[in-house]
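**Student:** Position one of the sequence shown corresponds to residue 29 (our numbering), numbered consecutively onward. In this text, a Cβ means the ideal position worked out from N, Cα and C, and glycines have one as well. Okay, here's the structure, questions in a sec.
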Amino acid sequence: MTDNDPRGTANSNGGVRPRIAGRSASGRRSATGRRPIDDADLVEAGGESLPGLESAGEGSSPPPLPRVAGYEIENQLRKGGALRIAGVDEVGRGAWAGPVVVCAAVTDLSPPPELPGRGKRKVKLTDSKLLTEAHREAFAEVLPGWLASYAIGSSSPEEIDELGMTEALRRATLRALKALPEPPDMVILDGNNDFLKRPWRVRCEVKADQRSVTVAAASVLAKVHRDRLMAGLDPEFPAYGFGACAGYPSPVHQKALEEHGPTPHHRMSWSYLDDLPRWRHLKKHRDPLAGEGQLSLI
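This is the structure we're talking about:
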């Protein structure tokens, strides 16, 4: 987490205090050639069903996924009595370097912003992985002024090594939620694993970033925030191509690891070190109990 992030002000807990609607952002830095897919959905089932939280039953066919996010999930939750609904999405779970970053976003259920496309077509808000880099950057400029509130939290590589990804992801999410100006009374998680648990009321939805405007907005802001953060490491570690790979295992990144070893930003408990004979002695070994209940990284 950096203090100069244009989206908000970093706090001591790894969260970002949200900016007030209408403020502009500056100092952005983009990079090309990033991997097209960052993270897959969470794969474990969990969570207790509460009124308004029921997902599709086991064995039922999921509805066709739209390419443009809407308010179907939020409207269902509103009928169940939810007033402030936070959409949550993360990025960086499968990277070898850098933090895992989470954004929590709250809308007023108004129509989301659109971008000009080719001809008279409009580019509409959806999962960040379905948008071009230019469109993600453009949405990241307008979303903070449109959202009712949002905040970003993160967990460092050191926390990931010490606690495992599930707990690190939970802490990053809590930091984002607690940095919101008002606590939400409902949280939409992208995936089918409730890693937050009580006292948070959670609705888990697979591909929520393609179905929920709130989660789609969180998806874009989390990705752009982390991409900029990783690009900011390029001047100090140019051989690793962090601006292009964002810490994921690209060929340039892997070659740099073989030649120069891991940086202070790498996750030192991960198995990629087993394939680096010169550097495998640096691998950290976490307490086996800390790995219980881990989410898939694939």
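Quick check: what's the CA-CA separation for residue 276 versus residue 197?
**Tutor:** Roughly 17 Å between the two C-alpha positions.
**Student:** Mind checking residue 160: buried by the 16 CB within 10 Å criterion, or exposed?
**Tutor:** Under this definition residue 160 is an exposed residue.
**Student:** On the DSSP letters alone, give me the boundaries of the alpha helix (DSSP H) that residue 173 sits inside.
**Tutor:** 161-174 is the span of the alpha helix (DSSP H), which, as asked, contains residue 173.
**Student:** Roughly how many angstroms separate the alpha carbons of residue 75 and residue 233, rounded to a whole number?
**Tutor:** Interpretation of residue 75 is limited by its pLDDT of 32, a score under 50 that renders its predicted location unreliable; no figure is taken from the coordinates.
**Student:** For residue 294, write down the residues that DSSP places opposite it in a beta bridge.
**Tutor:** The partner list for residue 294 (beta bridge, DSSP) reads 125.
**Student:** When DSSP builds the beta bridges, which residues end up paired with residue 144?
**Tutor:** Bridge partners of residue 144: 150.
**Student:** Alpha carbon to alpha carbon, how far is residue 271 from residue 99?
**Tutor:** Going from the Cα of residue 271 to the Cα of residue 99 covers about 33 Å.
**Student:** DSSP three-state label for residue 138, please.
**Tutor:** Note: residue 138 maps to coil in three-state DSSP.
**Student:** Out of 138, 257, 283 and 165, which has the shortest C-alpha to C-alpha gap to residue 293?
**Tutor:** The candidate whose alpha carbon is nearest that of residue 293 is 257.
**Student:** Between the stretch 150-168 and the stretch 240-248, do at least 3 Cβ pairs fall closer than 8 Å?
**Tutor:** Contact holds: three or more Cβ-Cβ distances are below 8 Å.
**Student:** Are three or more beta carbon pairs between the stretch 145-165 and the stretch 277-290 nearer than 8 Å?
**Tutor:** At 8 Å Cβ cutoff, the stretches do not touch.
**Student:** Should the stretch 100-107 be called in touch with the stretch 194-210, which here means at least 3 C-beta pairs below 8 Å?
**Tutor:** No: fewer than three Cβ pairs fall under 8 Å.
**Student:** Looking at the strands, I want to know which residues DSSP matches up with residue 233.
**Tutor:** In DSSP, residue 233 forms a bridge with 218.
**Student:** Helix, strand or coil for residue 117 per DSSP?
**Tutor:** If DSSP states are grouped into helix, strand and coil, residue 117 belongs with the strands.
**Student:** Which partner residues of residue 131 appear in the DSSP bridge assignment?
**Tutor:** DSSP lists 117 and 180 as partners of residue 131.
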